[in-house]
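Each residue of the sequence shown is one higher than the one before, starting from 7 at the first, in this note's numbering.
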Amino acid sequence: MAGFGRIAVTAERLRVLVAAPDPTVLAGCYDGVSARLVEQAGFHAAHMSGFAVAGSLLGRPDVGLLTMTEMADAASRIARVLSIPLLADADTGYGNALNVVRTVEAYIAGGVAGMHLEDQQMPKRCGHLAGKTVIPADEMAGKLRAAIDTRDAVGTDIVIIARTDARAIEGLDAALERARRYRDAGADLLFVEALQSPAEVEAVAETFHDIPLVFNASEARPPEFTLDQLGEMGFAVVLAPITTLLSATKAMQDSLTDLHELGFRSDRLATMTSYDDFLHLVGIDEIDEQEQRYS
7 MAGFGRIAVT AERLRVLVAA PDPTVLAGCY DGVSARLVEQ AGFHAAHMSG
57 FAVAGSLLGR PDVGLLTMTE MADAASRIAR VLSIPLLADA DTGYGNALNV
107 VRTVEAYIAG GVAGMHLEDQ QMPKRCGHLA GKTVIPADEM AGKLRAAIDT
157 RDAVGTDIVI IARTDARAIE GLDAALERAR RYRDAGADLL FVEALQSPAE
207 VEAVAETFHD IPLVFNASEA RPPEFTLDQL GEMGFAVVLA PITTLLSATK
257 AMQDSLTDLH ELGFRSDRLA TMTSYDDFLH LVGIDEIDEQ EQRYS
C-alpha cells in the first residue's frame, strides 16, 4: 500500500478542519472532473457519496447495487487528483465486521482521509428513501471497532464517522441511543441521518456536546439552518453531497435538449466551459511539462 505519507497528511488536515471553530462544508464529487471543480472552487475538503457514484457510474439509484471495489476505485481516482482531503461514503462496509476490515484497508490504500459507515442492513438504500432496515446496534458497534482497529494496525489516522439511519425506522430516541453506542465504540464523529425537523436537529446537537457532528445538507431535504447556526449547535462537518451531480445533470439536460431541438448553434458555446479551459482544468499543462521533461 503506497502513498501512506500523503494519506497521513490529508487525514491530519481533515482532523484540523473538524476541530476548527467554524463548520467545514464538504462539497460532493463523484469523478475526477467534479473533484477538480470542488477544489478549484476553494473548498478545503471534498466528499464522495454513494448516491452520486451510483447515479454517475451505474446510472442507477442508491439502493445497494455498488460493490466495495467499485466505491474504493472511485474514491482512489478522486483522491489521486485532489490536494485537499477526501471524505468518502463507505456505506455499510459491504458486509460484516470482516468485510469492514477489507473496506478500510482499500479506502486507506486509495488515499481517503475519512470515511463514514452506516448501520443499515444490506442491501442499503439512500438515507432519504423508504424501505430501509438497520442491523442491531451491537453489531454496528463491532463493525466500528473493526474499522478503528484496522486503521490503527495500518498506522494511519483516517477519520472514522459513524452514521445511523435508525431515525426513519425506530424513531429519534432510538437513533440517539444508537449514536451514543457508536460514540462509545470509538467513532471520531457522529452522523444522524434523515432527521425530520429542525427540532430533531436541535435534539441531536443538545444530546452530543463531547463529539463533533455531521450534518447532511442534501437537496433531498434542504436545510432549515444557516451555516453559522449549525456551527453554534456543534456541527463540525456540513455535507453538500449531490449539489454537483444535480447541477451537472440539469446543465446537460438543457444543453442536449437545445442541441436536439435547434441543432448546432455557435451561441451555445457561451453556456459551456470552453475547450481550452477544460483542458487546463484536467491538467494539460502538467502533462505538457512531463512530456517535455521525459522526451
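Every residue, glycine too, gets a C-beta built ideally from N, C-alpha and C.
For residue i, the first and last residue of its enclosing alpha helix (DSSP H)
| i | result |
| --- | --- |
| E292 | 290-300 |
| H266 | 249-268 |
| L236 | 233-239 |
Any C-beta of chain D under 8 angstroms from that of residue i
| i | result |
| --- | --- |
| G289 | Included in the structure is just one protein chain, with no chain D present. |
Helix, strand or coil at residue i according to DSSP, with G and I counted as helix
| i | result |
| --- | --- |
| R19 | helix |
| M121 | strand |
| G116 | coil |
| F221 | strand |
| T304 | Residue 304 falls outside the range modelled here, since the chain spans only 7 to 301, and no answer is possible. |
| R169 | strand |
| T30 | strand |
| L245 | strand |
| C35 | strand |
| G9 | Residue placement at G9 is flagged as unreliable, the pLDDT there being 49, under the threshold of 50; the coordinate-derived value follows with that caveat. DSSP places G9 in coil when its eight states are reduced to three. |
| H286 | helix |
Unbroken beta strand (DSSP E) run spanning residue i, endpoints
| i | result |
| --- | --- |
| M278 | That residue, M278, is in no beta strand (DSSP E); it is neither H nor E in DSSP. |
| V207 | V207 -> not in any beta strand (DSSP E); alpha helix (DSSP H) instead, spanning 204-213. |
Residue i: CB within 7 angstroms of a non-hydrogen atom of the ligand MN
| i | result |
| --- | --- |
| T139 | Looking for the ligand MN in the displayed structure turns up nothing, as the structure carries no ligands at all. |
Residue i and residue j closer than 8 angstroms at C-beta
| i | j | result |
| --- | --- | --- |
| A153 | L123 | yes |
| A200 | G133 | yes |
| V165 | A41 | no |
| G120 | T109 | no |
| T249 | E225 | yes |
| Y170 | D97 | According to the sequence provided, residue 170 is Thr. The question's Tyr does not apply to it. Going by C-beta atoms, T170 is not nearer than 8 angstroms to D97. |
| V207 | F231 | yes |
| V39 | V220 | no |
| A159 | A172 | no |
| L304 | L88 | In the structure as shown, the chain begins at 7 and stops at 301. Residue 304 is therefore absent and cannot be evaluated. |
| Y113 | A147 | no |
| V244 | A223 | yes |
| H266 | G240 | no |
| A174 | K138 | yes |
| L43 | V59 | no |
| D163 | R21 | yes |
| E45 | L63 | no |
| L233 | T213 | no |
| G61 | L262 | no |
| I167 | A193 | yes |
Beta-carbon contacts of residue i that lie in its chain and below 6 angstroms, excluding the five residues immediately before and after
| i | result |
| --- | --- |
| I217 | R189, L196 |
| R151 | A191 |
| K130 | G70, D97, T98 |
| R19 | P91 |
| S55 | G34, D95, P247 |
| I141 | D125, Q127 |
Own chain residues within Cβ distance below 7 angstroms of residue i, not counting five before or after
| i | result |
| --- | --- |
| D264 | R274 |
| H50 | L23, T30, I90 |
| G9 | Interpretation of G9 is limited by its pLDDT of 49, a score under 50 that renders its predicted location unreliable; the figure taken from the coordinates is listed afterwards. Result list for G9: G117, in chain order. |
| F57 | D68, C132, P247, I248 |
Other residues of its chain near residue i: CB distance less than 8 angstroms, five sequence neighbours each side excluded
| i | result |
| --- | --- |
| A25 | P218, A242 |
| P302 | One cannot answer for residue 302 here, as it falls past the ends of the chain, which runs 7 to 301. |
| D291 | none |
| M278 | S261 |
| P204 | E230, F231 |
Beta strand (DSSP E) runs wholly inside the region 43-101, at least 3 long, in chain order: Along the length of the region 43-101, whole beta strand (DSSP E) runs at least 3 residues long occupy 52-54, 92-95, reported in chain order.
Alpha helix (DSSP H) segments (min. 4 residues) lying fully within the region 176-203: Segments of the alpha helix (DSSP H) lying fully in the region 176-203: 178-190.
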